[in-house]
Amino acid sequence: MMSNPFHLGRYTVLPRENRLRDGETTVQVEPKVMEVLLFLAKRKGEVVSREELIEEVWGGVCVTDHVLSRCISELRKALGDDPRTPSFVETIRKRGYRLIPRTRPWEESAPFAEEFPPFETTDSEPTVARDGLVRVGRSRRVPGLLVLSIGIVLLAAAGYAGNRLLHSLPPAEFREVSLTSLHGSELDPSLSPDGHSLAFSWSGESGDNYDIYIKDLGTEAVRRLTTHPAEDKNPCWSADGTWIAFVRGGTADCGLFVVPSRGGLAQEVSPTISGNICDLIFSPGGNSLLFVDRPSRTEPFSVFELDLLSRERTQLTSPPSHYFGDRDLAVSPDGQQIVFARAETIGIEDLFTMRIKHPGKETQLTFDRTSITGIEWMVNGNEVIYSSRRDGHPRLWRMNAGGGKAHPIISFGDYGCDPMLALDDQRLVFERSRFEINIWRTQNDGENWSRPECLIKSTRWDWMPKFGPHGERIAFLSDRGSHLGIWLADSEGKESRRITTSDELKIRSFDWSPDGKHLAIEHRDQNGRSDLSLMTLAPTDAIINNTRLTQSPANETNPQFSRDGQSLLFVSDQSGDWQLWRMNLDGKNASMLTREGAINGKESWDGRSIYFCKPHRLGIFDLHLDNELPMRDETSTPGIRADFGYDVFEAGILTFASDGNPSTLQLIFHDIASGKNTHLALDRGQDQLGGLGLTLSPDGNTLLFARIDRRDSDIIMIQGFR
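Residue numbers are given in this note's numbering: position 160 of the sequence shown equals residue 247, and the series is strictly consecutive.
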């Protein structure tokens, strides 16, 4: 029989003393009750018959079933367990009993706790809830608002078709339970090791700031752990449940912090370069933190390990320098491997795995080059699941951790992300977000821009507006109705109508021809590969022809007509990296224009230059006579955020700028002749522009932009998941 102390959920089991310790609280149990617990623990989650328990614990002495039932009842009472919704001891009808949580050796207790200075605890004690969720909590990435506003366009345009809820299982086999339904947005679900509590980030009643909260499952009350004016996100639990680590971002204080799960003072354990994307996980033993950060502000995101005793950081992954980097992190149950998403740019990602003891030796698992919104490792250690739109829908996929074919499991409704499994692999927790994106207008009277007004509005997503060649029509993407498509409205945003009718074309982006007779579109197939097509419009705006322009194994994205309408600029990865290309309207004579990476190209007003952005670098670049010349000093502040969208007209370039806070994008005008940047003062609303597309009317007097006007999210649990 086991004699050494060990961890069981939030309890430390002391066999020699017949005691269960929960923090500062100790429960004494009878020797036979402890022996029953030890034998169940020895069998490691297996079902143990009543006969086996009586034989092992009472050594052949004749006892009745009532004696064993009383021991089980006393054990449940000591553990605060409920036989109707057990978290520790489960009754298997007509077979016996099994212990639900896995045990952990006592020496795996997090050694860093005693290294922290003393802290003040709150007077409140968490209420023990009754739920069977058991998994060491961890957090996905919730990107900061900067990445979110880029990612929404790419993730949604990848083919989100407005399906509310599709399932691969018959509805009777599982049910949804809403774990949170607070006003505002609840992000980053993280379950406590014993499954009794949920840590998450919440924007609060007023929606003005994210902090870390805890909710005991089975109750409605929430407990606030942090109150800092910066944004606190991505909570994760230590292996013994006593600490919660989280990311603080958006200010000079950005870094990794820990706070006692019962309440107390938050303490910094490491500064970070970025406070916006720091996926965070405790190692299973609790000795270190795995997280995502930049080695420097000019390098891509990578996975790091922080030793919590020495505070030494080790870089584990090394993405190519021109990539966005690594994100969406999960660790295997044995703590030996990690799986993560490697992004060339947001929305173009694949899964990689790596053994922690072999940094830099990554193995690619998928070759979809599509958006990934969360990763989890199956408890068996042999499989991973991930949420992706690889077939155009927000769906959960399952695959072998060594690679192979991915299989769809379940489809989320709306915007589902950040999956997290319970220990029994039968309960799935994820974050479900809902957005309302509308198109706004501001007009210039020659001196000032007017107060923005909402021009095109619905309860769904309307974004990526583009004026027609003469300004009398507005095309935009929308997920109204049964699927995503291109819609048209008049210059006042009225008479909106869909012009694409097929769900087979999962449209990501588009552009008008200069004569208004064609639309060049980017669409994605079932395998996640992007191609280009040319649509011909009748005078009634009906589509009378659709010609496929590309069908290569590579991805072709972001089509833009030349000023003379005779060719298309586009971005392709057929050379191995994202570069700017040009081809004829029949899809022939394609040629690569750049060599050092490019995205989002547009011709200058006179057609003599091509402007473009570079992956993960500030600024707009000018391609002229095969030379790339920066249009601005890249160290100047504020920086041009052209990756959020920009438009070119005769006098200059209109784009977004950031003052360092990703949630406060502002408009900026770049004068081509002088090279100067000027902020455009809007009467109101410049702090909510988003990054979901903008377009300038041909006369330069009207600007349209899309922004998120409403966002809320809840944390959902699916029971009966397989």
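The C-beta atom is built at its ideal place from N, Cα and C for all residues, glycine as well.
Exercise. What does a CB cutoff of less than 7 Å around residue 208 pick up in its chain, not counting 5 residues either side in sequence?
Worked result: Because residue 208 carries a pLDDT of 36, less than 50, the predicted location of this residue cannot be relied on, and no value is offered for it.
For this session: For residue 360, collect the residues of the same chain with a Cβ closer than 7 Å to its Cβ; drop the 5 residues on either side in sequence, then sort them by chain order.
Result: Same-chain partners within the cutoff: 380, 381, 383, 384.
For this session: Measure the beta-carbon distance from residue 449 to residue 404 and round it to whole angstroms, keeping in mind my assumption that it falls under 8 Å.
Result: 6 Å
Exercise. Which residue's Cα is closest to the Cα of residue 410: 278, 660, 694?
Worked result: 660
For this session: Identify the continuous beta strand (DSSP E) that holds residue 549 and give its terminal residues.
Result: From DSSP, the beta strand (DSSP E) with residue 549 extends over 549-554.
For this session: Leaving aside the five residues before and after residue 689 along the sequence, list all residues of the same chain whose C-beta is less than 6 Å from its C-beta, in chain order.
Result: 647, 698, 735
For this session: Label residue 332 either buried or exposed according to how many other C-beta atoms from any shown protein chain fall within 10 Å of its C-beta, with 16 as the threshold for buried.
Result: By the 10 Å Cβ count, residue 332 comes out buried.
Exercise. Can you tell me whether residue 593 is buried or exposed, with buried defined as 16 or more other CB within 10 angstroms of its CB?
Worked result: Around the Cβ of residue 593, a 10 Å sphere holds 16 or more other Cβ atoms; the residue is buried.
For this session: Can you have a look at residue 491 and say buried or exposed, based on whether 16 or more other CB atoms are within 10 angstroms of its CB?
Result: exposed
Problem set entry | For residue 402, the residue or residues it bridges with in DSSP | 391
Exercise. Which residue from 471, 407, 317 puts its Cα closest to that of residue 665?
Worked result: Per the C-alpha coordinates, the member of 471, 407, 317 positioned closest to residue 665 is 407.
For this session: Starting from residue 692, follow the beta strand (DSSP E) in both directions and report where the run begins and ends.
Result: No beta strand (DSSP E) holds residue 692; DSSP gives it neither H nor E.
For this session: Quick one: using the 10 Å Cβ neighbour count with 16 as the cut-off for buried, is residue 711 buried or exposed?
Result: A residue is called buried once 16 or more other Cβ atoms fall within 10 Å of its Cβ, and residue 711, having fewer, is exposed.
For this session: Have a look at residue 595 and residue 609 and give me their C-alpha separation to the nearest angstrom.
Result: Residue 595 and residue 609: Cα-Cα distance of roughly 5 Å.
Exercise. From residue 484 to residue 367, what distance separates their C-alpha atoms?
Worked result: 22 Å
Exercise. First and last residue of the alpha helix (DSSP H) that includes residue 76?
Worked result: Since the displayed the chain opens at 88 and closes at 809, residue 76 lies outside it and no answer follows.
Exercise. Does DSSP put residue 229 in a helix, a strand or coil?
Worked result: Only weak support exists for where residue 229 lies, its pLDDT of 36 falling under 50; the value from the coordinates is given anyway. Reduced to three states, the DSSP call for residue 229 is coil.
Problem set entry | C-alpha gap between residue 188 and residue 756, whole angstroms | 59 Å
For this session: Under 7 Å Cβ to Cβ from residue 70, same chain only, skipping five residues before and after it: list those, please.
Result: Lying outside 88 to 809, the shown extent of the chain, residue 70 is not represented and no answer is given.
Exercise. Between residue 493 and the rest of its own chain, which residues show a CB-CB distance below 6 Å, the 5 nearest in sequence each way excluded?
Worked result: 484, 486
Problem set entry | Environment of residue 445 [buried if 16+ CB atoms lie within 10 Å] | exposed
Exercise. In chain order, what residues of the same chain lie with their CB nearer than 8 Å to the CB of residue 662, ignoring the 5 residues before and after it?
Worked result: If we look at residue 662 and ignore the five residues flanking it on each side, its Cβ neighbours are 679.
Problem set entry | Coil, strand or helix - residue 519 by DSSP | strand
For this session: Would you give the residue range spanned by the alpha helix (DSSP H) that residue 697 belongs to?
Result: Per DSSP, residue 697 belongs to no alpha helix (DSSP H); it is in the beta strand (DSSP E), 697-700.
For this session: For residue 223, name the three-state secondary structure that DSSP assigns.
Result: With a pLDDT of only 36 at residue 223, under 50, the local geometry of the prediction cannot be trusted, and the value read off the model is given with reservation. Coil.
Exercise. Quick one: is residue 131 buried, meaning 16 or more other Cβ sit within 10 Å of its Cβ, or exposed?
Worked result: Counting the other CB atoms within 10 Å of its CB gives residue 131 a total below 16, which places it among the exposed residues.
Problem set entry | Residue interval of the alpha helix (DSSP H) (run including residue 126) | 118-129
For this session: Would you kindly check if the distance between the Cβ of residue 290 and the Cβ of residue 272 is under 7 Å?
Result: yes
Problem set entry | residue 373 versus residue 468: straight-line alpha-carbon distance, rounded | 18 Å
Exercise. Which residue's Cα is closest to the Cα of residue 619: 677, 280, 625?
Worked result: 677
For this session: Could you pull the start and end residues of the alpha helix (DSSP H) that residue 144 belongs to?
Result: 137-145
For this session: Find out if the Cβ-Cβ distance for the pair residue 801, residue 265 is shorter than 7 Å.
Result: yes
Problem set entry | Assigned secondary structure, residue 803 (DSSP; H/G/I helix, E/B strand, else coil) | Residue state, collapsed to three classes: strand.
Problem set entry | Cβ neighbours of residue 201 in the same chain (closer than 6 Å, five flanking residues each side left out) | Bear in mind that a pLDDT of 40 at residue 201, under 50, signals an unreliable position, so the model cannot answer this.
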